[in-house]
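J.: Chains A and B supply the protein sequences, listed in that same order. Residue numbers 1 to 470, in UniProt numbering, belong to the letters of the first sequence in order. Residue numbers 1 to 470, in UniProt numbering, belong to the letters of the second sequence in order. Glycine residues also receive a C-beta, built at the ideal position from the N, C-alpha and C atoms.
Protein chains: 2
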Amino acid sequence: MHPGDGATGGPTAVLHRYEDLVAYECDGYTLEKSLPAAVVFPKSTEEVSRAVKYLHERRIPFLPRGAGTGLSGGAIAQGGEVIVSLARMNKLLSIDYLNRRAVLQPGYINLKLSNSISSKGYYYAPDPSSQATCTIGGNVGENAGGAHCLKYGVTTNHVLGLELVLPNGDIVKTGGTLDSPGYDLLGILTGSEGTMGIVTEITVRILKKPQGVKTVLALYEDVNDASRAVSEIIAAGIIPAALEMMDKIAIEGVESGNYPVGYPRDLGAVLIVEVDGIEEGLQDQIDHIIAVCQRNRVREVRQADDAQERARWWANRKTAFGAMGTISPDYLVQDGVIPRSKLPEVLAKVGEISAKYKLRIANVFHAGDGNLHPLILFDSRVPGETERAVAAGSEVLKVCADVGGSITGEHGVGIEKMEDMRFIFNEREIQVQTDIRDVFNPHSLCNPDKLFPKPARCVEVKKFVASTKE
Amino acid sequence: MHPGDGATGGPTAVLHRYEDLVAYECDGYTLEKSLPAAVVFPKSTEEVSRAVKYLHERRIPFLPRGAGTGLSGGAIAQGGEVIVSLARMNKLLSIDYLNRRAVLQPGYINLKLSNSISSKGYYYAPDPSSQATCTIGGNVGENAGGAHCLKYGVTTNHVLGLELVLPNGDIVKTGGTLDSPGYDLLGILTGSEGTMGIVTEITVRILKKPQGVKTVLALYEDVNDASRAVSEIIAAGIIPAALEMMDKIAIEGVESGNYPVGYPRDLGAVLIVEVDGIEEGLQDQIDHIIAVCQRNRVREVRQADDAQERARWWANRKTAFGAMGTISPDYLVQDGVIPRSKLPEVLAKVGEISAKYKLRIANVFHAGDGNLHPLILFDSRVPGETERAVAAGSEVLKVCADVGGSITGEHGVGIEKMEDMRFIFNEREIQVQTDIRDVFNPHSLCNPDKLFPKPARCVEVKKFVASTKE
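Written as structure tokens, this is what we have:
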């Protein structure tokens with residue numbers, strides 16, 4: 001492996017020894033592990049292009065990797081691919097406050113962007129829970145969301161331009177300016193999970209920080225009362241910046257974690273509702289939200305006294321996934337989407353799945369946009385329990401798809417949900433997508449065998465209404 | 001032509017006589033005219049599918065048409081194609097207020113949707129100036145915008161699902177539920193100008209009507225003062241629902257039209273700024289906007305007294321294009337996008353182009369999002385003047401592209417701007433897009449020879465940074 005032949009270099013530009021590679025055998029999806037052939041660390045677009053050309057000429061498969069926080073296995077070298085790490089491409093290239101955009105290298109860390117522009121009164125909206133470590137490049141690959149995406153949208157709503165090294169090493173640009181004519185390539189690249197090339201530069205929208213932020217915490221005995229409050233808040237025409245919910249087991253987890261709030265242990269659900277914007281009018285929205293909570297049998301509801309209290313509530317919520325480790329040896333994070341109106345129905349079905357597989361399931365939701373995160377608790381040391389957890393997760397996704405939802409809100413498909421794609425798409429619709437992929441990636445060199453299921457398995461046709469042979 | 005063989009019918013299901021076809025020889029782009037081979041009027045998805053299968057088997061090209069209000073010639077049968085009119089597929093199929101979505105046939109008229117759901121307190125946000133006649137299907141094809149898209153986004157931000165008859169007659173669905181995994185097909189279909197198939201059913205987001213709407217009118221002597229006010233309003237963190245501007249010649253036009261407001265004839269520019277949302281806080285934003293206008297040498301600025309006055313201002317603005325007919329025998333509408341900060345620079349260049357081609361150019365802007373509509377006034381009876389107007393329009397688009405903007409904000413590329421696509425894309429990037437088109441439309445039967453320039457013309461390479469042969 002000499003991808004940097006004659007130009008790049010330094011002894012750490014390529015990792016190839018077992019003890020170095022082992023750190024790259026999985027990402028945030030830990031149920032599958034596989035060693036890459038090597039890991040390369042380009043420092044510029046040109047170095048990525050050179051490395052990719054080298055690999056392309058030899059038909060050696062490869063895949064891009066950011067911080068490796070992805071939860072669906074998209075950055076796992078399942079076929080022993082070469083990993084192209086973007087860790088050294090971590091610069092903020094330019095900021096244009098007047099036209100509200102920033103240009104970044106893909107290895108730049110999400111939270112650093114908001115921190116860098118905060119003193120000028122700006123921030124970057126998408127805020128995945130992993131934002132202190134995950135990279136903007138990874139966010140683009142997965143079309144990452146976050147707690148505040150209810151009002152402001154997910155990554156695709158904030159990406160204005162991309163530079164991409166195609167799987168043959170060519171460097172292309174799309175967007176970067178304003179409304180592009182022709183097809184929406186930015187849209188199709190965002191969330192393509194590294195199957196169309198390696199993103200090497202990203203132009204994002206930055207937003208003016210809202211003048212005011214106010215946060216309400218509501219404690220419920222019955223999770224269905226909380227669900228009804230969620231629906232009523234949205235129905236009132238209020239678009240909160242965030243509307244988060246945790247159920248009983250999730251509360252047990254976060255209260256055992258590093259940032260306990262002190263929630264009573266007998267609660268059925270906690271809601272966090274946040275509004276932001278121009279200061280005037282905010283308190284009115286908060287009063288409306290509190291009234292809705294009270295109408296729906298809340299036990300206690302109150303507004304954050306100050307920024308510290310708000311930060312405490314959020315620190316507790318944002319570490320919900322990790323906190324599960326304190327109440328269970330292992331856990332599997334799921335990520336489904338449902339229409340808000342189906343929350344009580346789906347929660348009941350998740351309860352049935354929990355009973356069927358004899359596994360506890362905690363529920364953490366971006367409730368406002370119907371994005372569920374069931375956390376399936378299991379013990380990998382018990383024979384068969386891992387398999388039961390995986391099967392239970394897939395069954396939860398089937399429930400989401402069946403009520404008109406989706407199998408992923410923000411974590412992507414990766415390795416984990418390739419087969420679950422059939423809950424949403426039939427063979428023909430999958431084929432249209434792989435045909436589009438092949439326009440970019442004709443030799444299947446870049447992140448091969450991810451995102452789409454293998455063809456030719458007999459399945460139920462769900463989405464295509466009718467189909468005749470061409 | 002018997003596309004409805006054995007099933008559809010009625011004597012008006014197919015038009016084929018010259019006197020009937022002549023009404024379909026152009027759309028809102030009137031500089032090119034061509035008769036279709038026939039016009040068919042299917043009433044259902046199945047009828048569209050049957051007609052398309054018939055045409056596909058015989059390799060007869062065809063194209064979809066809504067109300068024919070498109071301004072870039074996308075619905076012109078330039079090669080004598082068969083027109084598939086969606087005029088009879090004009091039903092509102094269902095409304096789900098709880099989950100905020102409506103399902104429509106493509107021939108449904110834009111404004112009818114807001115009118116149908118208004119009594120329940122809802123509306124549909126994208127509002128092209130032609131909204132009283134244009135169809136939702138056409139809006140999807142062109143990714144239509146409108147005055148209120150600054151805050152709420154264009155059509156692609158409101159489309160949740162599509163049913164599509166592929167160019168071989170197959171019926172497929174995408175989206176329609178929630179966040180879809182895999183590639184963003186909804187995004188790539190929206191704005192694809194009928195080159196990927198015929199949309200037969202559309203699921204859109206409906207919004208709760210804002211509690212309050214307030215509107216400010218500001219009259220300027222100097223258009224540059226108005227431009228600076230626009231920048232300052234946005235820089236203040238206010239996102240108006242609409243921020244519209246008209247220059248001196250545009251004011252002359254609208255004041256000669258059917259809805260004069262009574263603007264003084266010596267004005268350099270008029271701004272309309274509208275904010276909406278929760279009632280509290282709105283007046284504060286209006287006061288801020290008025291203060292910004294005053295700081296920027298406004299001659300007169302005031303708030304609408306009531307809904308009637310607001311409606312008068314909007315009626316005047318929304319008929320700006322048509323009103324040009326009262327001050328010029330012919331006019332050509334252009335549609336470019338620029339960074340807001342470049343407004344004064346681009347206006348100066350448009351002035352130079354006007355002088356160079358000896359043609360008056362009126363400017364109507366969605367100023368908040370940098371979307372310009374230069375209206376090039378000409379007289380087609382004067383030999384050579386039409387050609388000069390077309391050349392001036394193209395030069396305006398070049399200026400937009402050169403400052404980092406785009407050649408279309410909301411009117412599409414159609415026939416009109418195929419060659420101007422080269423201001424934005426190089427051959428390779430165009431080829432990626434036509435390769436994607438061919439996944440859907442492999443025989444180039446559906447709206448052929450639109451949207452993209454013909455390959456193999458030697459051009460300046462602008463967007464691709466580097467390129468090597470595969």
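Can you list, in chain order, the residues of its chain with a C-beta nearer than 6 Å to that of F376(B)? Leave out the 5 residues immediately preceding and following it.
T.: In the second sequence, counting from the first residue as 1, residue 376(B) sits at position 376. For the record, residue 376(B) in the displayed sequence is Ile; it is not Phe. Counting only Cβ-Cβ distances below 6 Å, and skipping sequence neighbours, we find L332, L359, I361, A389, A392 and G393.
J.: Please list, in chain order, all residues of the same chain as S231(B) whose beta carbon is under 7 Å from its beta carbon, the five residues on each side excluded.
T.: Numbered from 1 along the second sequence, position 231 holds the residue referred to as residue 231(B). Cβ within range, chain order: R340 and S341.
J.: Tell me the DSSP secondary structure of D247(A) in three-state form.
T.: As a position in the first sequence, residue 247(A) is number 247, starting the count at 1. If DSSP states are grouped into helix, strand and coil, D247(A) belongs with the strands.
J.: Which word fits P128(B), buried or exposed, when buried means at least 16 other C-beta atoms lie within 10 angstroms of its C-beta?
T.: If you number the second sequence from 1, residue 128(B) lands on position 128. Classification of P128(B): buried, given that the 10 Å Cβ count is 16 or more.
J.: Going along the chain, which residues of its own chain have a beta-carbon closer than 7 Å to the beta-carbon of N224(B), five neighbours each way excluded?
T.: Taking the second sequence and counting its residues from 1, the one referred to as residue 224(B) is at position 224. So the list reads P344, once near-sequence residues are dropped.
J.: Would you call K214(B) buried or exposed, if buried means 16 or more other Cβ atoms sit within 10 Å of its Cβ?
T.: Here residue 214(B) refers to the residue found at position 214 when the second sequence is read from its first residue. With 16 or more other Cβ atoms inside 10 Å of its own Cβ, K214(B) counts as buried.
J.: Using three-state DSSP, classify C149(B) as helix, strand or coil.
T.: Taking the first residue of the second sequence as 1, we reach residue 149(B) at position 149. Looking at C149(B) - three-state DSSP - the assignment turns out to be helix.
J.: Could you tell me the distance, in whole angstroms, from the CA atom of P11(A) to the CA atom of I290(A)?
T.: Your numbering for residue 11(A) matches position 11 in the first sequence. Your numbering for residue 290(A) matches position 290 in the first sequence. Note that P11(A) scores a pLDDT of 44, beneath 50, so its modelled location is shaky; the value from the coordinates is reported in the next line. Using only the alpha carbons, I get a separation of about 60 Å.
J.: Could you tell me if G6(A) is buried or exposed, where buried requires 16 or more neighbouring beta carbons within 10 angstroms of its beta carbon?
T.: Looking up residue 6(A) in the first sequence gives position 6. Since pLDDT at G6(A) reaches only 37, below the 50 mark, its modelled position is unreliable, and the value read off the structure follows with that caveat. The residue is exposed, with fewer than 16 neighbouring Cβ atoms inside 10 Å.
J.: What is the rounded straight-line gap between the Cα of residue 476(B) and the Cα of A147(B)?
T.: Any question about residue 476(B) goes unanswered here, given that chain B covers just 1 to 470.
J.: Using 10 angstroms around the beta-carbon of L372(A), count the other beta-carbons present and answer buried if the total reaches 16, otherwise exposed.
T.: By one-based count along the first sequence, residue 372(A) stands at place 372. Residue environment: L372(A) is assigned as buried (16 or more neighbouring CB atoms within 10 Å of its CB, all protein chains considered).
J.: Quick check for students: name the residue ranges of the alpha helix (DSSP H) that lie wholly in the segment 266-354 of chain B, counting only runs of 4 or more.
T.: Along the length of the segment 266-354 of chain B, whole alpha helix (DSSP H) runs at least 4 residues long occupy 282-295, 307-318 and 320-323, reported in chain order.
J.: Please report whether the beta-carbon of Y29(B) lies at a distance below 8 Å from any beta-carbon of chain A.
T.: Indexing the second sequence from 1 puts residue 29(B) at position 29. No, Y29(B) does not count as interfacial toward chain A.
J.: Would you mind telling me which residues of chain B sit closer than 8 Å to M421(A), beta carbon to beta carbon, in chain order?
T.: Working through the first sequence from its first residue, we reach residue 421(A) at position 421. The answer, in chain order, is P181 and G182.
J.: Pick out whichever of T174(B), K208(B) and V154(B) has its Cα sitting closest to the Cα of V432(A).
T.: In the first sequence, counting from the first residue as 1, residue 432(A) sits at position 432. Out of T174(B), K208(B) and V154(B), T174(B) has the C-alpha closest to the C-alpha of V432(A).
J.: Using 8 Å as the threshold, is the C-beta distance between P36(B) and A77(B) below it?
T.: Counting from one through the second sequence, the residue named residue 36(B) turns up at place 36. Counting from one through the second sequence, the residue named residue 77(B) turns up at place 77. Yes, they are a contact pair.
J.: Go ahead and pull the three-state DSSP assignment for I407(A).
T.: The residue given as residue 407(A) occupies position 407 in the first sequence. Coil at I407(A), not helix or strand.
J.: Please list, in chain order, the residues of the segment 89-103 of chain B that have any C-beta partner in chain A closer than 7 Å.
T.: L98 and N99
J.: So the candidates are I407(B), G384(B) and V52(B); which of them puts its Cα closest to the Cα of E395(B)?
T.: As a first step, residue 395(B) must be located in the second sequence, where it is residue number 395. Taking only the C-alpha atoms, the option nearest E395(B) is I407(B).
J.: Against F425(B), what residues of chain A qualify as contacts under a CB-to-CB distance less than 8 Å, listed in chain order?
T.: Residue 425(B) sits at position 425 when you count from the first residue of the second sequence. Result: G182.
J.: Using a Cβ-Cβ cut-off of 6 Å (strictly less than) and excluding sequence neighbours within five positions of N143(B), which residues of its own chain qualify?
T.: In the second sequence, counting from the first residue as 1, residue 143(B) sits at position 143. Result list for N143(B): V154, T155, T156, T190 and G191, in chain order.
J.: My output table needs one value for T133(A): the three-state DSSP class, helix, strand or coil.
T.: Here residue 133(A) refers to the residue found at position 133 when the first sequence is read from its first residue. Looking at T133(A) - three-state DSSP - the assignment turns out to be coil, as it is neither helix nor strand.
J.: Hey, could you find the ends of the alpha helix (DSSP H) V390(A) is sitting in?
T.: Taking the first sequence and counting its residues from 1, the one referred to as residue 390(A) is at position 390. Judged by DSSP secondary structure, V390(A) falls within the alpha helix (DSSP H) whose first and last residues are E385 to D402.
J.: Quick check on the DSSP output: what are the complete alpha helix (DSSP H) runs of length 4 or more inside the segment 80-117 of chain A, in order along the chain?
T.: 110-117
J.: Comparing C-alpha positions only, which one of M421(A), E410(A), G412(A) and G414(A) sits nearest to A401(A)?
T.: In the first sequence, counting from the first residue as 1, residue 401(A) sits at position 401. Among M421(A), E410(A), G412(A) and G414(A), the Cα nearest to that of A401(A) belongs to M421(A).
J.: How many angstroms separate the CA atom of E81(A) from the CA atom of G409(B)?
T.: Residue numbering aside, residue 81(A) sits at position 81 when the first sequence is read from its first letter. Residue numbering aside, residue 409(B) sits at position 409 when the second sequence is read from its first letter. If I take the Cα positions, the gap works out to 42 Å.
J.: I need the straight-line Cα distance from T30(B) to H288(B), nearest angstrom please.
T.: Taking the second sequence and counting its residues from 1, the one referred to as residue 30(B) is at position 30. Taking the second sequence and counting its residues from 1, the one referred to as residue 288(B) is at position 288. Each residue's Cα considered, the two are about 43 Å apart.
J.: Tell me, please, whether the CB atom of Q211(A) is closer than 8 Å to any CB atom in chain B?
T.: Residue numbering aside, residue 211(A) sits at position 211 when the first sequence is read from its first letter. True, the Cβ-Cβ gap to chain B drops below 8 Å.
J.: Give the range of the alpha helix (DSSP H) segment to which I436(B) is assigned.
T.: Taking the first residue of the second sequence as position 1, residue 436(B) is located at position 436. Note, I436(B): alpha helix (DSSP H), E427 to F440.
J.: When DSSP labels each residue in this structure, what does V14(B) get in the three-state scheme?
T.: Position 14 of the second sequence, counted from the first residue, corresponds to residue 14(B). Correct three-state label for V14(B): strand.
J.: Does the Cβ of R50(B) have 16 or more other Cβ atoms within 10 Å, making it buried, or fewer, making it exposed?
T.: What you label residue 50(B) is simply residue 50 of the second sequence in a count that begins at 1. With 16 or more Cβ atoms within 10 Å of its Cβ, R50(B) is classed as buried.
J.: Closest Cβ-Cβ distance between T215(B) and chain A: below 8 Å?
T.: One-based indexing of the second sequence puts residue 215(B) at position 215. No, no contact with chain A.
J.: Counting only C-beta atoms, is G191(B) closer than 8 Å to chain A at any point?
T.: Stepping through the second sequence from its first residue, residue 191(B) is reached at position 191. Answer yes: the Cβ-Cβ gap between G191(B) and chain A drops below 8 Å somewhere.
J.: Using a Cβ-Cβ cut-off of 8 Å, state whether K208(B) counts as contacting chain E.
T.: Within the model displayed, chain E is absent; protein chains A and B are what it includes.
J.: Please state the DSSP three-state secondary structure of A241(A).
T.: Sequence index remark: in the first sequence, residue 241(A) carries index 241 (1-based). DSSP places A241(A) in coil when its eight states are reduced to three.
J.: How many Å lie between L111(A) and A13(A) at the Cα?
T.: Taking the first residue of the first sequence as 1, we reach residue 111(A) at position 111. Taking the first residue of the first sequence as 1, we reach residue 13(A) at position 13. If I take the Cα positions, the gap works out to 26 Å.
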